[in-house]
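Q: The structure that follows is given in the form of structure tokens.
In this note's numbering, the protein residues as written are 278 to 508.
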């Protein structure tokens with residue numbers, strides 16, 4: 278996550294959408310007062326800063342009234358006011374209203390079947406290559422993102438723009454030009470891309486049953502963005 282006072286934007290990081298590569302690129306153009314959250318494991322060229330601070334428990338309690346004691350405990354013990362994959366709803370409660378209302382807020386989303394395939398290859402590589410696609414799907418732990426850029430109901434997008442991963446470079450060019458950030462069409466780093474060695478398109482990988490598992494898990498994202506299992 279990046280909150281840039283220099284350029285007046287908020288970047289909400291989603292899962293498996295080139296978020297780390299975008300963060301590393303943008304961090305090099307941020308000012309000393311901007312908020313840049315840490316990445317784990319650290320990436321060369323990325324400099325976290327200004328992400329620690331006091332958390333006002335009042336708006337947090339209002340957002341999660343059933344979690345009173347856990348919210349109070351977290352606000353008293355945590356030093357991280359902002360963190361890597363913080364949802365937009367939390368950012369909204371932790372920044373001044375004029376910042377939230379006037380800064381340009383954006384994130385990236387991706388076709389769920391392609392996103393799941395990327396996520397699967399990452400986990401399979403980390404587990405030594407022994408994880409099958411069916412075993413991965415059976416776990417039910419998917420890179421679902423909608424809650425990171427929608428309201429509490431999950432039905433209303435609260436950022437100004439959701440970029441499409443499928444058209445990432447031209448859409449990033451449009452956004453970066455708004456802030457006069459120089460961009461030559463490459464982010465300069467392809468973080469976490471090494472995991473996927475099988476580059477077949479998702480249509481050639483998923484069978485009908487596997488396709489439906491993803492479709493059910495990502496129903497909200499499919500509804501929000503009109504994604505389809507394209508032939």
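The C-beta atom is built at its ideal place from N, Cα and C for all residues, glycine as well.
Is residue 408 helix, strand or coil when you go by DSSP?
A: coil
Q: Would residue 376 and residue 299 be called neighbours here (beta carbons separated by less than 9 angstroms)?
A: no
Q: If distances are taken between C-alpha atoms only, which option among 389, 499, 448, 361 comes closest to residue 419?
A: 389
Q: Using alpha carbons as the reference points, say which of 321, 316, 360 lies closest to residue 329.
A: 360
Q: DSSP has residue 279 in a bridge; who is on the other side?
A: 288, 313
Q: Can you give me the C-alpha to C-alpha distance between residue 401 and residue 297, rounded to a whole angstrom?
A: Distance between the alpha carbons of residue 401 and residue 297 is about 20 angstroms.
Q: Going by alpha carbons, who is nearest to residue 294 out of 319, 396, 306?
A: 396
Q: Whole angstroms are fine: how far does the CA of residue 457 sit from the CA of residue 476?
A: Rounded to whole angstroms, the separation of the alpha carbons of residue 457 and residue 476 is 34 angstroms.
Q: Looking at residue 292 and residue 422, is the spacing between their C-beta atoms short of 9 angstroms?
A: yes
Q: On the DSSP letters alone, give me the boundaries of the beta strand (DSSP E) that residue 386 sits inside.
A: 381-386
Q: Quick one: give me the first and last residue of the beta strand (DSSP E) that residue 356 is part of.
A: Element bounds for residue 356: n/a, residue is neither H nor E.
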